[in-house]
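Asker: Here it is: the structure, laid out below.
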Amino acid sequence: MRLFIAEKPELGRSIAEAIQGTQENKQGYIVKGDSLITWAFGHILKLAEPETYNPTYEKWNLNALPLNLPYPLRRIPIHNAQSQLKTIIGLINKNEVTQIIHCGDADEEGQILMDEILEYTKTNKPILRCLINDITPKAIQKAMSCMQSNSNFKGLSESGFARSEADFIVGLNATRLYTLLNQRNGGQGVVSVGRVQTPILALIVNRELENKNHKSLEYFSINGDFCIQDSMIKAPLKIEKEERITEESQAFNIKNLCEGQEASLTITKEEKKEYPPLPFNLLELQAECSRLFGYSPDKVLEKTQSLREKHKAISYNRSDCQYLPENLFAESPQIIECLKANFKEDIGQHNANTSIKSKAFDDSKLSAHYGIIPLQTKLNLDNLDNAELTIYQLIAKRFLMQFYPPCLYQSFKFSFQVKGYIFETTKRQDVDLGFKATFEKEVEPNKESLDFNTLLDSKVATAQSVSLSKEKTKPRPLYTMTTLLKDLNQVSKYVKDEKIKKLLLEKDKDKKGESGGIGTPATRSNHIKTLIEREYISVSKDKKQNIKVLPKGFKLIENLPQMLSGVDMTALWYEQQKEIQKQTLSREEFLKGIHTFILNLIQENKESKMSFNQAEAKTN
Numbered sequence: 002m003r004l005f006i007a008e009k010p011e012l013g014r015s016i017a018e019a020i021q022g023t024q025e026n027k028q029g030y031i032v033k034g035d036s037l038i039t040w041a042f043g044h045i046l047k048l049a050e051p052e053t054y055n056p057t058y059e060k061w062n063l064n065a066l067p068l069n070l071p072y073p074l075r076r077i078p079i080h081n082a083q084s085q086l087k088t089i090i091g092l093i094n095k096n097e098v099t100q101i102i103h104c105g106d107a108d109e110e111g112q113i114l115m116d117e118i119l120e121y122t123k124t125n126k127p128i129l130r131c132l133i134n135d136i137t138p139k140a141i142q143k144a145m146s147c148m149q150s151n152s153n154f155k156g157l158s159e160s161g162f163a164r165s166e167a168d169f170i171v172g173l174n175a176t177r178l179y180t181l182l183n184q185r186n187g188g189q190g191v192v193s194v195g196r197v198q199t200p201i202l203a204l205i206v207n208r209e210l211e212n213k214n215h216k217s218l219e220y221f222s223i224n225g226d227f228c229i230q231d232s233m234i235k236a237p238l239k240i241e242k243e244e245r246i247t248e249e250s251q252a253f254n255i256k257n258l259c260e261g262q263e264a265s266l267t268i269t270k271e272e273k274k275e276y277p278p279l280p281f282n283l284l285e286l287q288a289e290c291s292r293l294f295g296y297s298p299d300k301v302l303e304k305t306q307s308l309r310e311k312h313k314a315i316s317y318n319r320s321d322c323q324y325l326p327e328n329l330f331a332e333s334p335q336i337i338e339c340l341k342a343n344f345k346e347d348i349g350q351h352n353a354n355t356s357i358k359s360k361a362f363d364d365s366k367l368s369a370h371y372g373i374i375p376l377q378t379k380l381n382l383d384n385l386d387n388a389e390l391t392i393y394q395l396i397a398k399r400f401l402m403q404f405y406p407p408c409l410y411q412s413f414k415f416s417f418q419v420k421g422y423i424f425e426t427t428k429r430q431d432v433d434l435g436f437k438a439t440f441e442k443e444v445e446p447n448k449e450s451l452d453f454n455t456l457l458d459s460k461v462a463t464a465q466s467v468s469l470s471k472e473k474t475k476p477r478p479l480y481t482m483t484t485l486l487k488d489l490n491q492v493s494k495y496v497k498d499e500k501i502k503k504l505l506l507e508k509d510k511d512k513k514g515e516s517g518g519i520g521t522p523a524t525r526s527n528h529i530k531t532l533i534e535r536e537y538i539s540v541s542k543d544k545k546q547n548i549k550v551l552p553k554g555f556k557l558i559e560n561l562p563q564m565l566s567g568v569d570m571t572a573l574w575y576e577q578q579k580e581i582q583k584q585t586l587s588r589e590e591f592l593k594g595i596h597t598f599i600l601n602l603i604q605e606n607k608e609s610k611m612s613f614n615q616a617e618a619k620t621n
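Numbering (our numbering), first residue to last: 2 to 621.
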């Protein structure tokens, strides 16, 4: 008899649907044919608190740091999941059960979520790994046909355990250290520190400080109006940022020199295509929902979880990938038929051309998951709440775009050379709107009534007028939720240390859309939520969701070492996690290094006078 263990009850019920036989629902599990199906509720075990090892650790005390926790760290049942854990253990120990099927999500977190349960039970029974992305019966049956031994995922599991345990040790000790230092010097409340949340805060702090401390530089922009065959083309003077014109006299000299003069003209034409955007991953979906509807990342995660588990409407919602498996292309007509049945209004489902295979269908660019798409599920949309419906429609439209042609346009680059100065501009002329005609209703036809093709043979023009305008350099804008989310997958661009930058980029080399990021699509929203709850940042309640650093946030980053406030720790851990995955470095050896880091951190800061009192916090 086989025992399937799923992450959540909803997946368990979906697995049962995919198995033939008579079904009998029991308390905490299902009997279906010759199989048993049970489930967790996400993590049902947690790392034991310090006082579990030593009762004196319950009271926070500087002299007790660093906390001396024995290896291996213990996991204990989460209080409200004890009954289900008991059910799982009972099923594993049944004599009739000869094989266990691990059905955790197909990523590192899903791997350790099930493995920690199996480790806890100390079972010696054979374990197979079933990788399920799509929870429709047909897709689950397909996943069951190509299961592997769970031992093939040992390196991934050990790496995941090492990361979660290191995060626990660092967060525990650093949070106690800085909280106690703050309290000793008159502060109040918990000073929360973590490997991911703190660098996110530092990113926001640095942007706000850069914005506040920006010194505007005045300069002149110069634009020419050029006449070509009785048609006017406006083009700015081509100039590098570091060569901006700051002297008014110089600007007027250029104006007087060029105005009314003949210019030699070069026109370069290119035929171009704009392809539909790829299907969403979680981060792109969160950013788009923030931009369009003002939804928080946490809300998008919650609603997509409901769409996946409760309604079985979408594929895996925590995906970091925007590409789709090539074999899913053959199933696309059935998905589109379901969308026709689900939506009364036209969202693009009726004219989708299933002979068009977009570049999204590419096995070489897949990660453990694929892009978020609608499933072959017929829905009564009245059963969705407003946010669920809005997000489902957004996901459906993005999928349907893959079956529309690209937008075809012509690009014309105009280069005017007059008296040694070059004025350049690029004009776009749409030929066929393609997918935009259906999905971008607000798209306007070319504002230019002029057909630029009629100018291609022209070699000269006249600088009919040259205008000057005084400008000021501007700092990069403060973060909104949309721009922060988009930056979290490319923080390496702000890193000056070349080794750290290289490691971050290598970490994401096989992840399309990620370029040296921090956190995962599934966890970033929780980290941002913690920053808000700890009063490090605030987010405006309007649709823009502007982010502002609070005094406590400035003060924390001001006092933390680079290893905690930067992304260095994530990069260096990645280097060691690769070794753990290859099983050339043990989890225990890695954690010994973490203990050494914590010991040094505490010794260097125990006598610090730092305080995070808001009244004392500096913002410049």
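The beta carbon of each residue, even a glycine, is placed where N, CA and C say it ideally should be.
Treat the numbers as computed from the prediction; the structure is a model and nothing was measured.
Specify the secondary structure class of S152 as computed by DSSP and reduced to three states.
Answerer: helix
Asker: If you compare alpha carbons, which of A252, F417, L204 is closest to T267?
Answerer: F417
Asker: Excluding the five sequence neighbours on either side, which residues of its own chain have a C-beta within less than 7 Å of the C-beta of V192, listed in chain order?
Answerer: T176, Y179, T180, N183, L557, F613
Asker: Is the region 413 to 427 touching the region 389 to 400 in the sense that three or more CB pairs, one from each, lie closer than 8 Å?
Answerer: As far as the Cβ criterion goes, the region 389 to 400 does not touch the region 413 to 427, which means the pair count is below three.
Asker: Just list the residues that DSSP pairs S165 with in beta bridges.
Answerer: Per DSSP, none; premise fails for S165.
Asker: Using a Cβ-Cβ cut-off of 7 Å (strictly less than) and excluding sequence neighbours within five positions of N282, which residues of its own chain qualify?
Answerer: S320, D321, C322, Q323, G372, I373, G514, P522
Asker: Are there 16 or more other CB atoms within 10 angstroms of the CB of Y317, so buried, or fewer, so exposed?
Answerer: buried
Asker: Taking its Cβ as the centre, do 16 or more other Cβ atoms sit within 10 Å of A331, making it buried, or is it exposed?
Answerer: exposed
Asker: How long is the line joining the alpha carbons of S160 and M2, rounded to whole angstroms?
Answerer: 31 Å
Asker: With 16 other CB atoms within 10 Å as the buried threshold, where does E617 fall?
Answerer: Confidence at E617 is low in this model, with a pLDDT of 42, below 50, so its placement is unreliable and the value that follows should be read with caution. That one is exposed.
Asker: Provide the residue(s) that pair with M233 in DSSP beta bridges, ordered along the chain.
Answerer: C228
Asker: To the nearest angstrom, how far is it from the Cα of Q83 to the Cα of E209?
Answerer: 45 Å
Asker: Below 8 Å on the Cβ atoms is my contact criterion, and I expect I348 with A397 to pass it. Report the Cβ-Cβ distance as a whole number of Å.
Answerer: 6 Å
Asker: On the DSSP bridge assignment, give the partners of L46 in chain order.
Answerer: P78
Asker: At which residue ranges does the region 499 to 528 contain complete alpha helix (DSSP H) runs of 4 or more residues, listed in the order of the chain?
Answerer: 499 to 508
Asker: Using a Cβ-Cβ cutoff of less than 8 Å, which residues in the same chain neighbour K341 once the five nearest sequence positions on both sides are dropped?
Answerer: Q350, H351
Asker: I'd like to check one pair, H528 with Q306: are the Cβ atoms closer than 7 Å?
Answerer: no
Asker: Would DSSP call I603 helix, strand or coil?
Answerer: I603 falls in the helix class under three-state DSSP.
Asker: By how many angstroms is the C-alpha of D135 removed from the C-alpha of I20?
Answerer: 15 Å
Asker: Determine the contact status of T57 and I93, defining contact as a CB-CB distance below 7 Å.
Answerer: no
Asker: Taking only runs of the alpha helix (DSSP H) that begin and end inside the region 181 to 221, which ones reach a length of at least 4 residues, in chain order?
Answerer: Those alpha helix (DSSP H) runs which fall completely within the region 181 to 221 and span 4+ residues are 198 to 213.
Asker: For N384 and M482, what's the separation of their Cα atoms in angstroms?
Answerer: 29 Å
Asker: Does the region 242 to 249 come close enough to the region 491 to 508 that 3 or more CB-CB pairs lie under 8 Å?
Answerer: no
Asker: If the criterion is Cβ atoms closer than 7 Å, does the pair N343 and L380 meet it?
Answerer: It is a contact, given that the beta carbons lie within the stated cut-off.
Asker: Where does P200 land, buried or exposed, given buried means 16+ other C-beta within 10 angstroms?
Answerer: buried
Asker: What number of angstroms, rounded off, separates the C-alpha of C228 from the C-alpha of E219?
Answerer: 30 Å
Asker: What does the alpha-carbon distance come out to for the pair N621 and N547?
Answerer: Bear in mind that a pLDDT of 33 at N621, under 50, signals an unreliable position, so the model cannot answer this.
Asker: Could you tell me whether the region 151 to 166 touches the region 107 to 120, where touching means 3 or more Cβ pairs closer than 8 Å?
Answerer: yes
Asker: Where does the unbroken alpha helix (DSSP H) through F294 begin, and where does it stop?
Answerer: 283 to 294
Asker: Say whether the region 140 to 151 touches the region 572 to 586, bearing in mind that this needs 3 or more beta-carbon pairs closer than 8 Å, one atom from each stretch.
Answerer: no
Asker: Assess contact between the region 32 to 41 and the region 65 to 72, defined as three or more Cβ pairs (one per stretch) separated by less than 8 Å. Is contact present?
Answerer: Output reads no: the region 65 to 72 does not touch the region 32 to 41.
Asker: Within 10 angstroms of the Cβ of P51, are there 16 or more other Cβ atoms? Answer buried if so, exposed if not.
Answerer: buried
Asker: Can you check which of these residues, L565, K544, N606, L586, is closest to L293 by C-alpha distance?
Answerer: K544
Asker: So what does DSSP say about E617, is it helix, strand or coil?
Answerer: With a pLDDT of 42 at E617, under the threshold of 50, the modelled position of this residue cannot be trusted; read the value that follows with caution. If DSSP states are grouped into helix, strand and coil, E617 belongs with the helices.
Asker: Here's the rule I'm using: 16 or more other beta-carbon atoms within 10 Å means buried, otherwise exposed. How should S146 be labelled?
Answerer: exposed
Asker: State the CB to CB distance for the pair K9 and E310, rounded to an integer number of angstroms; the pair is presumed to be in contact (CB under 8 Å).
Answerer: 6 Å
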